[in-house]
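Numbering (the working numbering), first residue to last: 131 to 289.
Don't be surprised by glycine CBs; every beta carbon is placed ideally from N, CA and C.
Working notes, beginning with the structure itself.
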């Protein structure tokens, strides 16, 4: 049962990136600022390696967050690695990158876990801290947090 709860919360974090793929069509003959607007969020974040670095920092913060401890006990090394890869794949796909997320939908993954508003907010705060550590610009951070927010209704069960 504890392992099921752990996997469920791990999927909560993965859910943060599963809402949609955001792509902005490229245009020719643009200035530098306009060119940045024509790139996908994935490209503006720095691509796969940058996403993986933020993900690793984010996971470290989640595991250390005392308010979220009930979700992380007992995860095997294999489960931890699978969680990390799901999270990277979701973030990559949700921001317009070339990755695919093949996990379950968020409503199914989190049903019955009793995830609270406070736990959701704690996880989001950890994500914001990771983005800030890597100096992700405000525009890109806001776009990513919009993606994250779109999954909340399928994850939080208790206000």
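Legend entry - Sub-9 Å separation of residue 269 and residue 261 beta-carbons: No, these two residues do not count as a Cβ contact at 9 Å.
Legend entry - Boundaries of the alpha helix (DSSP H) in which residue 247 is found, first to last residue: Following the DSSP letters along the chain, one finds residue 247 inside the alpha helix (DSSP H) bounded by residues 247-263.
Legend entry - Extent of the continuous alpha helix (DSSP H) run through residue 270: Per DSSP, residue 270 belongs to the alpha helix (DSSP H) from 268-279.
Inset, instruction - Measure the CB-CB distance between residue 198 and residue 253 and report whether it falls below 9 Å. - result: Contact: yes.
Inset, instruction - Within 10 angstroms of the Cβ of residue 247, are there 16 or more other Cβ atoms? Answer buried if so, exposed if not. - result: Per the 10 Å Cβ criterion, exposed.
Inset, instruction - Assign residue 232 to one of two classes, buried (16 or more other C-beta atoms within 10 Å of its C-beta) or exposed (fewer than that). - result: Burial call: exposed.
Inset, instruction - To the nearest angstrom, report how far apart residue 235 and residue 195 are at their CA atoms. - result: For residue 235 and residue 195, the distance between alpha carbons rounds to 25 Å.
Inset, instruction - Could you spell out the range, first to last residue, of the alpha helix (DSSP H) harbouring residue 229? - result: Element bounds for residue 229: n/a, residue is neither H nor E.
Inset, instruction - Flag residue 280 as yes if its beta-carbon sits less than 9 Å from any beta-carbon of chain D, otherwise no. - result: Absence of chain D from the displayed structure is noted, only one protein chain being present.
Legend entry - Residue from 284, 287, 283, 273 whose Cα sits closest to the Cα of residue 225: With distances taken between CA atoms, residue 225 lies nearest to 273 out of 284, 287, 283, 273.
Legend entry - Collapsed DSSP secondary structure at residue 288 in the structure displayed: The DSSP-derived three-state label of residue 288 is strand.
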